[in-house]
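Numbering (the working numbering), first residue to last: 1 to 257. Backbone N, C-alpha and C fix where the C-beta goes; we use that ideal spot for every residue, glycine too. Structure first, commentary second.
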């Protein structure tokens with residue numbers, strides 16, 4: 001980026017800066033037109049944030065969110081021409097934004113919304129059928145690698161972020177206090193966050209790294225003691241998260257829908 005380009009961007013995002021040199025309107029500085037352009041750019045970026053973080057917006061209220069988004073736009077301007085990437089710094093911004101310091105769960109809710117957006121844009125993948133998985137003997141299934149869909153995301157939080165998301169996005173029950181491990185899966189078109197059972201986060205971490213189901217269970221058992229393997233597998237099947245099953249020789253086992 002040239003110095004002139006950087007200066008133009010700074011002038012667009014900062015209303016206190018003068019019109020960049022060289023912008024003229026009939027031999028006069030284009031102050032009025034540039035102000036309109038500047039306003040349109042900032043409004044467009046704020047609207048992009050509203051679209052990307054609807055739950056954060058609902059939690060804070062429209063007026064507060066728009067004012068906060070204006071601060072964010074000027075502090076973290078876009079770095080990519082892809083507008084869906086804008087807002088990746090929102091969780092870190094919320095951590096250091098004093099007016100929301102009394103809402104410690106907000107950064108993780110923003111992370112969750114960000115992961116939901118990432119999941120939405122991932123490639124499609126056909127899941128393995130529930131009937132096929134049920135047909136495998138437990139001793140054989142335990143030795144396999146379960147490959148996950150590209151749209152899968154994981155998030156661990158000290159706060160009930162999935163319950164907060166559901167209460168505000170889809171009218172779920174009022175959240176209670178407590179930590180939640182969250183799976184984001186795209187069963188059809190729209191990604192959906194769901195709370196993982198005990199040990200599910202550790203199991204999925206290992207599966208995503210290429211471990212066998214048996215090794216993943218062993219790791220989870222060592223880490224947290226109580227492991228609800230059946231519930232975790234049932235959840236993965238229900239949300240179409242498993243897209244391939246491989247045996248110990250890394251050969252694929254059939255069974256996709």
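- If you ignore the 5 residues before and after residue 89, its C-beta comes within less than 6 angstroms of the C-beta of 76, all in its own chain and listed in chain order.
- A straight-line Cα-Cα distance of about 39 angstroms links residue 243 and residue 96.
- Segment contact: the segment 158 to 172 against the segment 125 to 137, fewer than three CB-CB distances shorter than 8 angstroms; contact not assigned.
- C-alpha of residue 40 to C-alpha of residue 122: approximately 30 angstroms in a straight line.
- Remark: fewer than three beta-carbon pairs, one from each stretch, lie closer than 8 angstroms, so the segment 181 to 198 and the segment 209 to 216 are not flagged as touching.
- Per DSSP, reduced to three states, the secondary structure at residue 114 is helical.
- Annotated three-state conformation of residue 156 is strand, per DSSP.
- Following the DSSP letters along the chain, one finds residue 193 in no alpha helix (DSSP H) but inside the beta strand (DSSP E) bounded by residues 192 to 195.
- Assignment of residue 237 by DSSP, reduced to helix, strand and coil, places it in the helix class.
- Pairing residue 198 with residue 237 gives a Cβ-Cβ distance that is not under 8 angstroms.
- When the beta-carbon positions are compared, residue 45 and residue 93 stay at least 8 angstroms from each other.
- Per the C-alpha coordinates, the member of 108, 193, 81 and 103 positioned closest to residue 153 is 193.
- Assignment of beta-bridge partners to residue 148 by DSSP yields 242.
- Note on residue 101: under 16 other CB atoms within 10 angstroms of its CB, so exposed under the neighbour-count rule.
- Going by C-alpha positions, residue 177 is about 51 angstroms away from residue 33.
- In this structure, residue 74 and residue 65 do not form a Cβ contact; the two beta carbons are roughly 15 angstroms apart against a cut-off of 8 angstroms.
- Between residue 53 and residue 113, the C-beta spacing is below 8 angstroms.
- Beta bridge pairing from DSSP links residue 183 with 154 and 194.
- Taken in chain order, the whole beta strand (DSSP E) runs of length 3 or more contained in the segment 79 to 131 number zero.
- Between residue 191 and residue 119, the C-beta gap is smaller than 8 angstroms, which places the two residues in contact.
- C-alpha of residue 240 to C-alpha of residue 42: approximately 39 angstroms in a straight line.
- Taking 8 angstroms as the cut-off, the Cβ atoms of residue 195 and residue 109 do not count as close.
- Annotation: residue 47 to residue 72 spans about 12 angstroms, alpha carbon to alpha carbon.
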